[in-house]
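Asks:
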Amino acid sequence: MKDSREKIFAAIRHGLRESKKFVAIRNDRSPLKRILNGGFASLFEKFNSELKSLGGEAVVFDDEKDASKFISGHAGERLFVYDEALSGHEHLIDEVSVPVSMSSNFNFGYDKRDAAVFDSALSSCIACIAETGTVVTSNNMRLPAALATKLFVIAESRSLIPSLDDLFKDEYKDFKGSNLFLISGPSRTADIEKELVTGVHGPKEVYVIFINKNE
119 MKDSREKIFA AIRHGLRESK KFVAIRNDRS PLKRILNGGF ASLFEKFNSE
169 LKSLGGEAVV FDDEKDASKF ISGHAGERLF VYDEALSGHE HLIDEVSVPV
219 SMSSNFNFGY DKRDAAVFDS ALSSCIACIA ETGTVVTSNN MRLPAALATK
269 LFVIAESRSL IPSLDDLFKD EYKDFKGSNL FLISGPSRTA DIEKELVTGV
319 HGPKEVYVIF INKNE
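Numbering-wise (my numbering), the sequence shown opens with residue 119 and increments by one.
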């Protein structure tokens, strides 16, 4: 038994000494590439289908006013808004009917008790992945989005991509954020009795809002 174990360890040590750098080959022939035509309608249908299967929802609006009404109708009692979510959508929260706090006015010395007062959060995103219904975000102030019961994500039509592979193509290579979050629907976990519980490690409700502005 000892000899067998030593042989295994010796093989591992040899493999580590002789290891070579692995070069990944991008697969542009994935089945998804053949199914989707790359247009927004096709990608959105796939993305929304996957997100719904996870318990989330994606919607499309032509203007900020309708998006604002949607947020008001689904938000909780207090809404935390990341400043970057309003980039290009300066009037998005003008008609939101719940109290709003902006991240720019939020002290970076906050603790989780400060962040926990917000039951809803509005964030931007880097990309939306149609293949898995996943939203990719990056927020330096992590707690408000993580502790919020309801998460709203503002997305652009150009940010909807077919697969995770596309996230690492040239247009994203200069990303220098301190963190990257991949959110696939509401947070879920199961206890020892196999009872599914939502909202333990993140929001219980996830809404992805595309604003096309008649593009």
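Ideal Cβ placement from N, Cα and C applies to all residues, glycine included.
1) By a C-beta neighbour count over all protein chains shown, 10 Å radius and 16 as the cutoff for buried, is valine 214 buried or exposed?
2) Considering only the alpha carbon of each residue, which of Ser122, Asp237, Thr307 and Ala248 lies closest to leucine 278?
3) If leucine 172 sits next to glycine 303, beta carbons under 8 Å apart, how far is it from one beta carbon to the other, in whole angstroms?
4) If you compare alpha carbons, which of Phe188, Arg196 and Thr255 is closest to glutamate 175?
5) Is the number of C-beta pairs between the stretch 155 to 170 and the stretch 192 to 202 that are closer than 8 Å three or more?
6) Just the Cα atoms here: how many angstroms apart are serine 241 and glutamate 313?
7) Using only the alpha-carbon positions, how far apart do arginine 260 and alanine 128 sit?
8) Starting from the Cα of phenylalanine 165, find the closest Cα among Asp212, Ile301 and Asp184 and give me that residue.
9) Is the Cβ of serine 122 closer than 8 Å to any Cβ of chain C?
10) Please classify lysine 287 as buried or exposed, where buried requires at least 16 neighbouring CB atoms within 10 angstroms.
11) Quick check on the burial criterion: 16 or more other C-beta atoms within 10 angstroms. Buried or exposed for leucine 269?
12) Please name the residue, chosen from Ala245, Lys183 and His207, that lies closest to serine 281 on a Cα-to-Cα basis.
13) Alpha carbon to alpha carbon, what distance is there between valine 271 and phenylalanine 179?
14) Does the distance from the CB of alanine 266 to the CB of asparagine 257 come in under 8 Å?
Replies: Result, derived from the coordinates:
1) Locating residue 214 in the sequence shown gives position 96, where the first residue counts as 1. For valine 214, the number of other beta carbons within 10 angstroms of its own is at least 16, and it is reported as buried.
2) Within the sequence shown, the letter at position 160 stands for residue 278. Nearest of Ser122, Asp237, Thr307 and Ala248 to leucine 278, Cα basis: Ala248.
3) The residue labelled residue 172 in the question sits at position 54 within the sequence shown. The residue labelled residue 303 in the question sits at position 185 within the sequence shown. Confirmed, Cβ separation roughly 3 Å.
4) In the sequence shown, counting from the first residue as 1, residue 175 sits at position 57. The residue from Phe188, Arg196 and Thr255 with its alpha-carbon nearest to that of glutamate 175 is Phe188.
5) Counting Cβ pairs under 8 Å, fewer than three are found: no touch.
6) On the sequence shown, residue 241 is found 123 positions in, with the first residue counted as 1. On the sequence shown, residue 313 is found 195 positions in, with the first residue counted as 1. Looking at the two C-alpha atoms, the distance is approximately 30 Å.
7) For this step, residue 260 is matched to residue 142 along the sequence shown. For this step, residue 128 is matched to residue 10 along the sequence shown. Distance between the alpha carbons of arginine 260 and alanine 128 is about 43 Å.
8) Mapped onto the sequence shown, residue 165 falls at position 47. Distance from the Cα of phenylalanine 165 is smallest, within the candidate group Asp212, Ile301 and Asp184, for Ile301.
9) Given the protein chain composition of this structure (a single chain), no chain C is represented.
10) Translated into the one-based positions of the sequence shown, residue 287 becomes position 169. Label assigned to lysine 287: exposed.
11) Residue mapping note: residue 269 aligns to position 151 of the sequence shown, counting from 1. When all chains shown are included, leucine 269 counts as buried.
12) Numbered from 1 along the sequence shown, position 163 holds the residue referred to as residue 281. Of all alpha-carbon atoms in Ala245, Lys183 and His207, the one lying nearest the alpha-carbon of serine 281 is that of Ala245.
13) Position 61 of the sequence shown, counting from 1, holds the residue named residue 179. Position 153 of the sequence shown, counting from 1, holds the residue named residue 271. Take the alpha-carbon of phenylalanine 179 and the one of valine 271: they are about 13 Å apart.
14) Counting from one through the sequence shown, the residue named residue 266 turns up at place 148. Counting from one through the sequence shown, the residue named residue 257 turns up at place 139. Note that the C-beta distance between alanine 266 and asparagine 257 is not below 8 Å.
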